[in-house]
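Novice:
Numbering (the numbering used here), first residue to last: 22 to 395.
#1: Which residues share a DSSP beta bridge with residue 94?
#2: Find the nearest neighbour of residue 196 within the set 299, 171, 340 and 118, judged by alpha-carbon distance.
#3: Put residue 225 into one of helix, strand or coil per three-state DSSP.
#4: Give the single residue among 156, 27 and 254 whose Cα lies nearest to the Cα of residue 82.
#5: Would the region 331-350 count as touching the region 32-47 if we require 3 or more Cβ pairs under 8 Å?
#6: Residues bridged to residue 59 by DSSP?
#7: Assuming contact is defined by CB atoms lying nearer than 8 Å, are residue 301 and residue 320 in contact in what I supplied?
#8: Can you list, in chain order, the stretches of the beta strand (DSSP E) that have 3 or more residues and sit fully within the region 105-131?
#9: For residue 154 and residue 261, which I take to be in contact (beta-carbon distance under 8 Å), what is that distance rounded to the nearest angstrom?
#10: Residues bridged to residue 188 by DSSP?
#11: Does the Cβ of residue 233 have 16 or more other Cβ atoms within 10 Å, making it buried, or fewer, making it exposed?
#12: For residue 305, count neighbouring C-beta atoms within 10 Å of its own C-beta (all shown protein chains included) and say buried if the count is 16 or more, exposed if not.
#13: Spatial neighbours of residue 310 within its chain, please: CB distance less than 8 Å, with the 5 preceding and 5 following residues excluded, ordered by chain position.
#14: Using only alpha-carbon positions, find the residue among 354, 330 and 352 that is nearest to residue 374.
#15: Quick check: residue 58 and residue 24, are their CB atoms within less than 8 Å of each other?
#16: For residue 174 and residue 98, what's the separation of their Cα atoms in angstroms?
#17: Any heavy atom of the ligand GDP closer than 7 Å to the beta-carbon of residue 97?
#18: In three-state DSSP terms, what is residue 379?
#19: Considering only the alpha carbon of each residue, which of 46, 31 and 298 lies closest to residue 394?
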């Protein structure tokens, strides 16, 4: 069996950690008798500065013929913040309608957590973040002089929306950002969370919102969650406000099984989740369209100051690669990769600086690939 994988290393340390992921995945593919055909794309800050191109329609249609996307990181200090993120990463998420951002928060054996007295079995839950709506739709504007008219348009595969805004006031200057939640958008990600809870045996789903203050959007979210939950009587449910959620994730992480959250709050709590599982170098993520092309990436940034030094931790990228294997139907191979990661961490001989060691990025990749071949 052959799988076509689009590879976008991106910026900073992205290409380095993705290269180690490819090394490990090639090793496990030999063991399980399938082939990964890597198709590399140059998109990132360097390509943008050289050509002016972010992500063309032609490239997107080409990637559409692939089975998955393996992504490194985005962000270049020479490019204004937001240009690469919106023009490449968010374009991929929105074009392929990757409406689920899935994040395992799991403390692996051999890894230290900053939470006192917590062991690997205490930190093991999944965060399902809605990935295409909320305040991250990227529409808004600013007004100087107290009066303005603006037309804002939002196009998704689910819908097309236009806002005609007449703004009048006596403020010298103001800015506004519009968040959008739709019934279809909320319901599909919630059903994904409930199905995940059933599939994994994690029989509790916690919904995150801030409906006590942001009553329109997140009250709507809570209403839809309540309706969807009725179809899953075997799954326990609860609500957490996002601020309380952050507190309880630190105090009692063992309580959580599956968490479902709107886009912005999901972004916040998954970064917290990364730290309680040992740091950003260990945190993988998946941008999923269950019926289309999904994208897998470490959740850390491009870390440009470490570019080319070969000291960055590739485990998040390797773990994201394991999630990709599971998504394309090679779950036994995915499980083998995760076991190899844990065996290397448990041994403690090969560690990058963020885990208290001095190993090179490539040495970690070599060790994990070697653990697979044993």
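All C-beta atoms, glycine included, are put in the ideal place defined by N, C-alpha and C. Note that the structure is predicted; figures quoted are calculated from it, not measured.
Specialist: Let me spell this out:
#1: Against the chain shown, residue 94 aligns to sequence position 73. According to DSSP, residue 94 bridges with 31.
#2: As a first step, residue 196 is located in the chain shown; it is residue number 175 there, counting from the start. For residue 196, the nearest C-alpha among the options comes from 171.
#3: The residue you call residue 225 lines up with position 204 of the chain shown. Looking at residue 225 - three-state DSSP - the assignment turns out to be strand.
#4: As a position in the chain shown, residue 82 is number 61, starting the count at 1. Measuring C-alpha to C-alpha distances from residue 82 to each of 156, 27 and 254 identifies 27 as the nearest.
#5: In short, these stretches touch, since the Cβ pair count reaches three.
#6: On the chain shown, position 38 is the one that residue 59 refers to. Its beta-bridge partners are 26.
#7: Here residue 301 refers to the residue found at position 280 when the chain shown is read from its first residue. Here residue 320 refers to the residue found at position 299 when the chain shown is read from its first residue. Cβ atoms of residue 301 and residue 320: closer than 8 Å.
#8: Counting whole runs of 3 or more residues, the region 105-131 contains the beta strand (DSSP E) stretches 121-127.
#9: Along the chain shown, one-based indexing puts residue 154 at 133. Along the chain shown, one-based indexing puts residue 261 at 240. So it is not a contact: roughly 20 Å between Cβ atoms.
#10: Taking the chain shown and counting its residues from 1, the one referred to as residue 188 is at position 167. Bridge partners of residue 188 according to DSSP: 169.
#11: If you number the chain shown from 1, residue 233 lands on position 212. By the Cβ-count criterion, residue 233 is exposed, with fewer than 16 other Cβ atoms from all chains shown falling within 10 Å of its own Cβ.
#12: Within the chain shown, residue 305 is the residue found at index 284, counting from 1. Burial check for residue 305: the Cβ neighbour count within 10 Å reaches 16 or more, so the residue is buried.
#13: Residue 310 sits at position 289 when you count from the first residue of the chain shown. Within the same chain, residue 310 has close Cβ partners 117, 118, 119, 120 and 121.
#14: Taking the chain shown and counting its residues from 1, one reaches residue 374 at position 353. Check the Cα spacing between residue 374 and each of 354, 330 and 352: the tightest is with 330.
#15: Counting from 1 along the chain shown, the entry for residue 58 is found at position 37. Counting from 1 along the chain shown, the entry for residue 24 is found at position 3. Yes, the pair counts as a contact, with Cβ atoms nearer than the cut-off.
#16: The residue given as residue 174 occupies position 153 in the chain shown. The residue given as residue 98 occupies position 77 in the chain shown. Answer to the nearest angstrom: the Cα atoms are 29 Å apart.
#17: Inclusion of the ligand GDP in the displayed structure is not the case, the ligand content being empty and no account of it being possible.
#18: As a first step, residue 379 must be located in the chain shown, where it is residue number 358. Here residue 379 sits in coil by DSSP.
#19: Taking the chain shown and counting its residues from 1, the one referred to as residue 394 is at position 373. The shortest C-alpha separation from residue 394 is found at 46.
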